[in-house]
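Position one of the sequence shown corresponds to residue 208 (the working numbering), numbered consecutively onward.
By construction, the Cβ of each residue, glycine as well, lies at the ideal position given by its N, Cα and C atoms.
So the structure is just underneath, and the comments pick up after that.
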Amino acid sequence: YLSLLQRLVRRDEAVVYAPEFRRTLDEPVAASIAVAASVPLVITEGNYLLAEPPQWKDVRAQLDEVWFMDTPLNLRLARLVDRHVEFGMDRAAAEAWAMGPDEANAVLIEATRRGADRIIPWH
Numbered sequence: 208y209l210s211l212l213q214r215l216v217r218r219d220e221a222v223v224y225a226p227e228f229r230r231t232l233d234e235p236v237a238a239s240i241a242v243a244a245s246v247p248l249v250i251t252e253g254n255y256l257l258a259e260p261p262q263w264k265d266v267r268a269q270l271d272e273v274w275f276m277d278t279p280l281n282l283r284l285a286r287l288v289d290r291h292v293e294f295g296m297d298r299a300a301a302e303a304w305a306m307g308p309d310e311a312n313a314v315l316i317e318a319t320r321r322g323a324d325r326i327i328p329w330h
């Protein structure tokens, strides 16, 4: 991911190919998105863009701005459960996963919000 961002920032290649995460496969698909050097704005998303470990600090250094989307807990949980169900979990397992591993991850992500350039409230 860091290497991809560095290549996009340098703009010394006519086209940089980026992966796309496909939920239907539960896997990234390499070279799915072509980004021409002439593209003036690239938007990326990720849970750890503001994380403290060194490998993520290097990522942050490639980004002009990072915005944090402040999503209400009930909405976030409902969307996670719905997504898990859509991709094959039964509702009870989806709720347990959303309140277990997903919630533990959310706590880590929430702790990074102070590093955001802008916090966008969900309306």
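Straight through space, the alpha carbons of Asp219 and Arg230 are spaced by roughly 31 Å.
Remark: C-beta atoms of Ala318 and Leu284 do not approach each other more closely than 8 Å.
Here the alpha carbons of Leu209 and Gln262 stand approximately 8 Å from one another.
Annotated three-state conformation of Ala221 is coil, per DSSP.
Ranked by Cα distance from Trp329, the first of Asp289, Leu282, Met296, Ala301 is Leu282. Under the three-state reduction of DSSP, Ser210 is assigned to helix. Inter-residue distance for Ala268 and Glu302 is about 36 Å (C-alpha atoms, whole angstroms). DSSP places Val242 in the uninterrupted beta strand (DSSP E) bounded by 234–243.
Using a 10 angstroms sphere on the CB of Leu280, the tally of other CB atoms stays under 16, which defines it as exposed.
Taken through DSSP and simplified to helix, strand or coil, Trp274 comes out as strand. If you check the CB distance, Val216 and Glu227 do not come in under 8 Å.
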